[in-house]
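J.:
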Amino acid sequence: MKIRICTRDGCFYLLLIAFFATASLSQPEDTPRFGNGTDRLALISLKQHLTDGVSAALDSWNDSTHFCEWQGVTCSERHQRVTVLKIDGEALGGYLHPSIGNLTFLRYLKLFKTGLRGTVPREIGQLYRLRYLNLSRNSLEGEIPTDLTNCSSLRTLILNYNNLTGKLPVRLGQMSQLTQLWLAENRLEGGVPSFLGNLTNLVALQLSENGLGGGIPPELGRLRAVQIFQLDGNALSGPVPSSLSNLSAATEISLSVNNLTGDVMDSLGVNFPRLRWLALGMNQFTGSIHKALSNISSLMLFDVSSNSMSGPMPENLGSLQDLYFFNAGENFFGSGKSGDVDFLSSLTNVSGLSVLSIYSNNFGGSLPPSVANLSTQLTAFALGSNLISGKIPERIGNLISLTRLGLEENNLTGAIPSSLGELQNLEVLSFHDNKLSGPLPFSLGNLTSIFSLALSRNNLSGTIPASFRNLEKMQILNLQSNSLAGSIPSNVTGRMSQLITLNLYQNLLDGSFPAEVGSLRNLRELDVSDNRLSGEIPVELGNCLGLEYLSMSGNSLQGSIPPSLGFLKAMQTLDLSRNNLTGDIPLELGDLAILRSLNLSFNHLSGRVPTEGVFKNTSAVMISGNLKLCGGIPQMDLPTCSLNLKRSLSSRGIIIISVVCGVSFLASVLLGLLLYTYRRKKPAENPSSSTPNPLQEGHQRISYQELFEATDGFSATNLIGVGNSDSDTRKAEMYDCLTAVIAVGHACSVELPGQRMNMNDALSELHAIRKKIFLARETAKRFPQSM
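For reference, each letter of the sequence shown is one residue, going -26 to -1, 1 to 761 in mature numbering (1 follows the signal peptide of the UniProt record, and there is no 0).
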């Protein structure tokens, strides 16, 4: 048998293989336990900075498992190198460390909505194998690093919803393999760079909601593969380049919310067989909507709102069978003549139509009855602020999916159709500023989902239906400037617990204002002015702690202003003028710190005007037409109050003072009788003295029986200051009485006998006090106008 000996080269390779095999068997002990050490160390560093030291985050990233098994980590099978790092929606809140650049085998990096801060590290540019990068919905700032363009294999770049600034890197135009570029919702500036036209493989270009200015570069017309083209929400200006008509693969074109001009429909044309979304609203476009629009048969959304477009609406819009959103509001469409809205009949063929808005244009004529046959999937129907006349179609209640119906600010006449009660999904109903007449349909009480009802400035009559008690979700109820009569139903307003605005201004409502309104804790605006309401202002209004605007002027309200209104700390405007209110202006109104306007004029208020809070500002307070007011700050030029009115006395204190003064008077009389009897029985020290006795000269002898009969058995009704009147004069009497009696008592209790008032002088002083109060009361009774 021949033994074959290897050649020199063959032996060399065998020895080389044996060497590496031996080396692998004698591997040092300090080699990492789990695969590639570079990737493992990079991940550990990333965790430390991604989690910002929070140990609970990424808790699977520890030595107990292989790093390829850590959360969000995927490795290649052959080399155990990290190829995918994907963490979604976990609030890490840290930073992306430059060690990310050491994961050189990374192909897919997604850290979506993880709370990242700081900047995009330039070391990402070392990941030349990277194909997908998504750092969206974080708080990253700074500029997009130029090094990022070194990722020559990158197909998808998603950095939207961050705070990135600066201009787009010029070298971005060299990333020829890029298919998706998502940079929306940042703070990028400068213009839309023309070099983006070099990215001919782009399928999605999203630059919306930034600060980009200038014109749209014509070079973007080279992006023939683009499907999503979004430049909305910037400051772009000038006309739309006609080259964009080459974007024939587009399914979405959004240029809305810019300053673009020109005839956009002429520039774009209709060569978009796949277009589903065309958003051109909120620009300065002119021109009209062409009939050829119907050739874009796949169109689902069409928005040209808030421009300066004009002309008639095409009558073949019904050919757009997939249309679900149509908004041409805030333009100059229509002629103001009959037939303008006949095109609506063609849309009855569009079964999926959900939103139809042509508000704020020049459409005239009447609504065709076929409007009631529009799609039952219609949720929003807005025709307000036009010149539409005639009646509301009776069967409009067929549109059972409606949540918003707006016909406001037109010339509509006739009654409100009762079929509206069938729209049980309706949330907003706006018919204000028309010429509608007749009563409010009882069926409106079936709209249990409604939260805003605006029927103001019409010719509606009748009463507020009791069925409104079912509208418990109501937040805004505006019925102002109609001819509604009757009372405000207490069982209606009291159940609208979510009510924010209640406006019943300028109607014919009468009766008292329901106290149940006080249970509406969310109420911010209440206007019942210019009606025929009577009775008192309910104290319960003080429970509406969120109230900012309250107007009850122009009624026949009586009684006093409730001090509880001082609890309304959010109040900014309070108008109670042109009523029959009496009594004092409550001091508590001065506690309303943010009150900007207070109108109490033309009532019958009296007494001292407060001087605190809003009362310091003469331009904010209107009190004319109240002839009995006095005091206030000097700038109000009111007469000086004739009495030193003490407004801080409580009703309980007034009663106590009244009793004290009355009892003091009776005590003085009884004391006089006792002294008189005592002096008669005591022998005269000097019978020849001619000094007159004040008790004998000033007082007639009165028996107990006579005193008992004269005071009706010492009835409390004869006490000075006790009665039903709460006038300032009575309060001042009581205060002066108490002050004077206390002064006498103090003079009688001086420690030194020589300085102490004797009993005769005390009795005379008490008698004088009684006489002064008595004369003041009699003068007030006989000459009430002089007080």
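Yeah, the Cβ is synthetic: ideal placement off N, Cα and C, and Gly gets one too.
(1) To the nearest angstrom, how far is the alpha carbon of G140 from that of L434?
(2) Hey, how far is the Cα of A253 from the Cα of S222?
(3) Using the C-alpha atoms, what's the distance from P536 back to V595?
(4) Label T120 either buried or exposed according to how many other C-beta atoms from any shown protein chain fall within 10 Å of its C-beta, with 16 as the threshold for buried.
(5) Just the Cα atoms here: how many angstroms apart are G188 and T153?
(6) Kindly indicate which residue of S282, P167 and M239 has the alpha-carbon position closest to the one of I263.
(7) Quick one: grab the DSSP three-state call for Q609.
(8) Suppose you measure from the CA of D484 to the CA of L561; what does that come to, to the nearest Å?
(9) What three-state label does DSSP hand K602 in the structure shown?
(10) Tell me whether N444 sits in a helix, a strand or coil according to DSSP, three-state version.
(11) Quick check: what's the CA-CA separation for K590 versus S493?
(12) Which value, in whole angstroms, describes the spacing of the CA atoms of A754 and L555?
(13) Terminal residues of the continuous alpha helix (DSSP H) containing K311?
(14) How would you call S349, buried or exposed, if buried means at least 16 neighbouring beta carbons within 10 angstroms?
(15) On the premise that V513 lies in contact with S551, defined as a C-beta separation below 8 Å, what is that separation, rounded to the nearest angstrom?
(16) Can you name the start and end residues of the beta strand (DSSP E) that H23 belongs to?
(17) Assuming L242 is part of the alpha helix (DSSP H), what are its boundary residues?
(18) Using DSSP's beta-bridge definition, name the partner residues of A209.
(19) List, from N- to C-terminal side, the beta strand (DSSP E) runs of 3 residues or more that fit wholly inside the region 416 to 469.
(20) Give the DSSP bridge partners of L275, in chain order.
(21) Beta-carbon within less than 6 Å of S571's beta-carbon, same chain only, minus the 5 sequence neighbours each way: which residues are those?
(22) Give every residue of the same chain whose Cβ lies closer than 8 Å to the Cβ of N124, excluding the five residues on either side of it in the sequence, and list them in chain order.
(23) Mind checking who H578 pairs with in its DSSP beta bridge?
(24) Residue ranges of each alpha helix (DSSP H) run of no fewer than 4 residues wholly in the region 101 to 126, ordered along the chain?
(25) Confirm, please, whether the CB-CB distance from L133 to I118 is below 8 Å.
(26) Within 10 Å of its beta-carbon, does I597 have 16 or more other beta-carbons around it, so buried, or fewer, so exposed?
(27) Report yes if the CB atom of L142 is closer than 8 Å to the CB atom of L162, and no otherwise.
(28) Quick one: using the 10 Å Cβ neighbour count with 16 as the cut-off for buried, is P657 buried or exposed?
(29) Measure the C-alpha to C-alpha separation of G605 and C615 and round it to an integer number of angstroms.
(30) State the start and end residues of the unbroken beta strand (DSSP E) segment that holds F259.
(31) Rounding to the nearest angstrom, what Cα-Cα distance links G63 and L179 in this structure?
(32) With DSSP run on the structure shown, which of helix, strand or coil describes C49?
(33) Taking Cβ to Cβ, would you say L421 is nearer than 8 Å to A389?
(34) Sorted by chain position, which residues of the same chain lie with C-beta nearer than 8 Å to M274's C-beta, five sequence neighbours on each side aside?
(35) Compare the beta carbon distance of L234 and F203 with 8 Å and say whether it is the shorter of the two.
T.: Judging by the given coordinates:
(1) 58 Å
(2) 16 Å
(3) 18 Å
(4) exposed
(5) 25 Å
(6) M239
(7) helix
(8) 30 Å
(9) strand
(10) helix
(11) 32 Å
(12) With a pLDDT of only 49 at A754, under 50, the local geometry of the prediction cannot be trusted, and the value read off the model is given with reservation. Distance between the alpha carbons of A754 and L555 is about 22 Å.
(13) Neither: K311 is in no alpha helix (DSSP H) and is coded neither H nor E.
(14) buried
(15) S551 to V513, Cβ: 20 Å. No contact.
(16) No beta strand (DSSP E) holds H23; the alpha helix (DSSP H) holding it covers G11 to L24.
(17) V238 to L242
(18) G187
(19) 426 to 428, 433 to 435 and 450 to 452
(20) W251 and F299
(21) T547 and A594
(22) G99, Q100 and Y102
(23) T556
(24) none
(25) yes
(26) buried
(27) yes
(28) Residue placement at P657 is poorly supported in this model, since its pLDDT is 45, which falls under 50; the coordinates are not used for a value here.
(29) 6 Å
(30) Q258 to T260
(31) 24 Å
(32) strand
(33) no
(34) R250, W251, D296, L297, Y298 and F299
(35) no
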